[in-house]
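Residues in the sequence shown are numbered from 1 upward in steps of one, following UniProt numbering.
Backbone N, C-alpha and C define an ideal beta-carbon position, used for all residues, glycine too.
Reading through the structure tokens given below for one structure.
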Amino acid sequence: MGGVLSYFRGLLGSREMRILILGLDGAGKTTILYRLQVGEVVTTIPTIGFNVEQVTYKNLKFQVWDLGGQTSIRPYWRCYYSNTDAIIYVVDSADRDRIGISKDELLYMLREEELAGAILVVLANKQDMEGCMTVA
Numbered sequence: 001m002g003g004v005l006s007y008f009r010g011l012l013g014s015r016e017m018r019i020l021i022l023g024l025d026g027a028g029k030t031t032i033l034y035r036l037q038v039g040e041v042v043t044t045i046p047t048i049g050f051n052v053e054q055v056t057y058k059n060l061k062f063q064v065w066d067l068g069g070q071t072s073i074r075p076y077w078r079c080y081y082s083n084t085d086a087i088i089y090v091v092d093s094a095d096r097d098r099i100g101i102s103k104d105e106l107l108y109m110l111r112e113e114e115l116a117g118a119i120l121v122v123l124a125n126k127q128d129m130e131g132c133m134t135v136a
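Have a look at this one:
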């Protein structure tokens, strides 16, 4: 995960970045947020609304927004697109049943004008799960 943050640093220099973590419910967005912030996996509950945290990595500051991924919440993602520098789109690699829905949500989001200049990282999460889809 540190490699992703270093990549952002190379692209944007030293200013604070606004990052959105998006993906379907249960993909692991909140776990990734707190792994970035405290350096370890913590127990989480489903996000209703959002979590926002300041993450510092090698003297870089990131404002990271973890938005809930439930069907009823996804239409509100667009309310957070303004001034977004980067998106980490999290895919649950073990959820074969909803990979099509995840793809559709990603493509729908990418059509938004406000995100035209944002960096996109697609993170294939849960690669340690039996039967998961590979990244290739």
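Just to check my reading of the structure: R74 and E112 have Cβ atoms closer than 8 Å, yes? What is that Cβ distance to the nearest angstrom?
Position 74 of the sequence shown, counted from the first residue, corresponds to residue 74. Position 112 of the sequence shown, counted from the first residue, corresponds to residue 112. So it is not a contact: roughly 13 Å between Cβ atoms.
K61: buried (16+ other C-beta within 10 angstroms of its C-beta) or exposed?
For the purposes of this step, residue 61 is identified with residue 61 of the sequence shown, where counting begins at 1. Exposed, since its Cβ has fewer than 16 Cβ neighbours within 10 Å.
List the endpoints of the continuous alpha helix (DSSP H) containing Q37.
For the purposes of this step, residue 37 is taken as the residue at position 37 of the sequence shown. Run containing Q37: K29 to V38, per the alpha helix (DSSP H) assignment.
When the Cα atoms are used, what is the spatial distance from V135 to N59?
One-based indexing of the sequence shown puts residue 135 at position 135. One-based indexing of the sequence shown puts residue 59 at position 59. If you take the alpha carbons of V135 and N59, they lie about 31 Å apart.
Within 10 angstroms of its Cβ, does S72 collect 16 or more other Cβ (buried), or is it exposed?
Taking the first residue of the sequence shown as position 1, residue 72 is located at position 72. Classification for S72: exposed.
Start and end of the alpha helix (DSSP H) containing D95?
Residue numbering aside, residue 95 sits at position 95 when the sequence shown is read from its first letter. From DSSP, D95 is part of no alpha helix (DSSP H); its letter is neither H nor E.
DSSP on Y108, reduced to helix/strand/coil?
Indexing the sequence shown from 1 puts residue 108 at position 108. Correct three-state label for Y108: helix.
How many whole angstroms separate the CB atoms of G26 and D92, which I take to be in contact at a CB cut-off of 8 Å?
Mapped onto the sequence shown, residue 26 falls at position 26. Mapped onto the sequence shown, residue 92 falls at position 92. Right, the Cβ-Cβ distance comes to about 6 Å (below 8 Å), so this counts as a contact.
Based on the DSSP output, what are the partners of W65 in its beta bridges?
Start at 1 with the first residue of the sequence shown, and residue 65 comes out as number 65. W65 pairs with L20 and V52.
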